[in-house]
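Chemist: Take any residue in the sequence shown, note its place counting from 1, add 73, and you have its number in the numbering used here.
The beta-carbon is built from N, C-alpha and C at its ideal position, and this holds for glycine as well.
Keep in mind it's a predicted model, so treat the numbers as computed, not measured.
Please read through the structure below; I'll follow up with questions.
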Amino acid sequence: MFTDINAAIALPQLPLLKENFSKRELIRSEYCRVIEGNDKLDFSKQTQSNVQYSNYFYTVLTDERDELASYLKANDVYSTFRYFPLHKIELFRDFNTPNLNGANLFSERALNIPIHHNLSDSNIEHISKLLQDY
């Protein structure tokens, strides 16, 4: 349940949602365009025609995840590792899950980069250039 304080913060933001979502979609499109031209980088692609991305995260996939993170950090771009497979968490280890190579591989290759709507055009260009040049 929301408090009055939560409502006071959220209500003025509602009219901006559509604009913010559109900005994130534009950023996603730019990142995808650049990454498609770089053999070292990839991103998660959905083959279904009815898929709509939330654009809450933008995940770059690469066998050089740690190197890419260092490269981005050296160029003032913050990135995060956000995916930790559930089967590796102590609570779930005793379930004797089958080999989950896909989850492990994704965890080892996934790096989230900025996609928030407050990125300036120059921020987006900077990140895109770094992805292109990596």
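K202 to V107, Cα distance in whole Å?
Modeler: 8 Å
Chemist: My understanding is that N128 touches R97, with C-beta atoms under 8 Å, so please give their C-beta distance in whole angstroms.
Modeler: 4 Å
Chemist: Count the other CB atoms within 10 Å of the CB of S95; is the residue buried (16 or more) or exposed (fewer)?
Modeler: Exposed.
Chemist: Considering just the uninterrupted stretch of the alpha helix (DSSP H) at N169, what are its terminal residues?
Modeler: It is not in any alpha helix (DSSP H) - N169 carries neither H nor E in the DSSP assignment.
Chemist: Since K118 and E137 are thought to touch, with beta carbons under 8 Å apart, how far apart are those beta carbons, to the nearest angstrom?
Modeler: Beta-carbon to beta-carbon, K118 and E137 are separated by about 19 Å, too far to satisfy the 8 Å threshold.
Chemist: Checking 7 Å against the spacing of the C-beta atoms, do D115 and L134 come in under that value?
Modeler: Cβ distance < 7 Å, so D115 and L134 count as in contact.
Chemist: When you compare the CB positions of S152 and L192, do they come within less than 7 Å of one another, or not?
Modeler: no
Chemist: Name the one or two DSSP bridge partners that A183 has.
Modeler: L134
Chemist: Please state the DSSP three-state secondary structure of D115.
Modeler: strand
Chemist: Check each candidate in S195, H190, D206 and name the one with the smallest Cα separation from R101.
Modeler: It is H190.
Chemist: Which value, in whole angstroms, describes the spacing of the CA atoms of N172 and Y207?
Modeler: Those two C-alpha atoms are separated by around 32 Å.
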